[in-house]
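Participant: If you scroll down you'll find the structure; I have some questions about it.
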Amino acid sequence: MSKRSSPHLFCRTTSESEEIDLSREEMDFSILVATNGDLLSRLAASTRGSAGVDVCTAKPVVIDSNKIHKVPLDAFGPLGDGMSAFLMGRSSATIQGIIVHLGLIDADFSGQIHAMVSTPTPPLTIPKGTQIAQLVPFKSSVSKTEDRLRGDGSFGSTGPPQEHWTAVLTKDHPEMLCTLSMAGAMPSEIHLRGLLDSRADVSILSLAAWPPQWPLSLAKTSIAGL
Numbered sequence: 663m664s665k666r667s668s669p670h671l672f673c674r675t676t677s678e679s680e681e682i683d684l685s686r687e688e689m690d691f692s693i694l695v696a697t698n699g700d701l702l703s704r705l706a707a708s709t710r711g712s713a714g715v716d717v718c719t720a721k722p723v724v725i726d727s728n729k730i731h732k733v734p735l736d737a738f739g740p741l742g743d744g745m746s747a748f749l750m751g752r753s754s755a756t757i758q759g760i761i762v763h764l765g766l767i768d769a770d771f772s773g774q775i776h777a778m779v780s781t782p783t784p785p786l787t788i789p790k791g792t793q794i795a796q797l798v799p800f801k802s803s804v805s806k807t808e809d810r811l812r813g814d815g816s817f818g819s820t821g822p823p824q825e826h827w828t829a830v831l832t833k834d835h836p837e838m839l840c841t842l843s844m845a846g847a848m849p850s851e852i853h854l855r856g857l858l859d860s861r862a863d864v865s866i867l868s869l870a871a872w873p874p875q876w877p878l879s880l881a882k883t884s885i886a887g888l
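Residues in the sequence shown are numbered from 663 upward in steps of one, following the numbering used here.
Okay, here's the thing in structure tokens:
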């Protein structure tokens with residue numbers, strides 16, 4: 663465990679040249695490397711009653727918009743002892759405008775841990791080694807799992823693809839019964855089957871389906887393609 667002063671955070675607005683010093687008081691933290699060891703066993707909480715352990719940024723990061731940025735941390739899984747953890751922001755970082763969005767680190771995750779970070783007041787520079795987040799460990803009680811490991815994959819689903827709407831697009835196109843009506847005409851309405859939600863700007867009917875008693879209007883434009 664090494665002890666050094668936590669680096670300063672500086673943010674600069676686009677309309678002012680004044681720098682705002684966001685330095686914090688001295689804290690303890692260790693510089694980590696990618697290993698196959700247990701992360702939680704190599705991190706120490708700041709107090710005896712702390713619920714989590716702090717983690718720091720692995721490189722300087724510039725947040726230049728209100729979008730969420732993927733920020734690499736100087737921390738690698740697995741966490742050890744079958745533990746999972748919530749990744750959440752530190753209150754001291756939040757009050758400075760560094761918003762760390764809640765994340766979940768699985769017990770079988772073995773890659774570099776990243777934080778999802780945004781700020782309401784860009785641009786903002788976060789130096790390397792800045793403690794912006796904390797890991798709050800817990801023991802998962804999920805009883806039934808698939809026989810696979812997450813590994814170093816992150817920011818994605820490990821489940822199979824999901825189908826929310828399907829239709830067989832062969833000769834049997836998805837169709838529905840449509841009703842066309844014209845007031846005062848004979849017949850007053852006709853029934854046709856058409857493609858379901860074809861997303862077309864203009865629907866085209868066969869001339870054979872158009873009642874000969876219904877009037878026609880000359881189109882001012884020609885059809886460019888189908």
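We put the beta carbon where it would ideally sit given N, CA and C, even for glycine.
(1) Quick check on DSSP: helix, strand or coil for P784?
(2) Cα separation between I757 and T781?
(3) Do you know whose CA, among A707, L854, P877, lies nearest A847's CA?
(4) I need the DSSP call for Q871, collapsed to helix, strand or coil.
(5) Got a sec, what are the start and stop residues for the alpha helix (DSSP H) S805 sits in?
(6) Under the three-state reduction of DSSP, which class applies to T653: helix, strand or coil?
(7) At 3 residues or longer, what runs of the beta strand (DSSP E) sit wholly inside the stretch 711 to 768?
(8) Check S692 in the structure and name its three-state DSSP category.
(9) Are the stretch 742 to 749 and the stretch 766 to 779 touching, with three or more C-beta to C-beta distances below 8 Å?
(10) Are L701 and G742 closer than 8 Å when you measure CB to CB?
(11) Kindly indicate which residue of Q875, T783, E837 has the alpha-carbon position closest to the one of K729.
(12) Per DSSP, M848 forms a beta bridge with which residues?
Facilitator: Looking at the atomic coordinates:
(1) coil
(2) 11 Å
(3) P877
(4) One point to set straight first is that residue 871 is Ala, not Gln, in the sequence displayed. Three-state DSSP puts A871 in a helix.
(5) Per DSSP, S805 belongs to no alpha helix (DSSP H) and is neither H nor E.
(6) Outside the shown range of the chain, which is 663 to 888, sits residue 653, and nothing can be said about it.
(7) 715 to 718, 723 to 725, 731 to 738, 745 to 751, 761 to 763, 765 to 767
(8) Caution is warranted here: a pLDDT of 39 is assigned to S692, below 50, making its placement in the model unreliable, and no coordinate value can be reported.
(9) yes
(10) yes
(11) T783
(12) M848 pairs with nothing; no bridge assigned.
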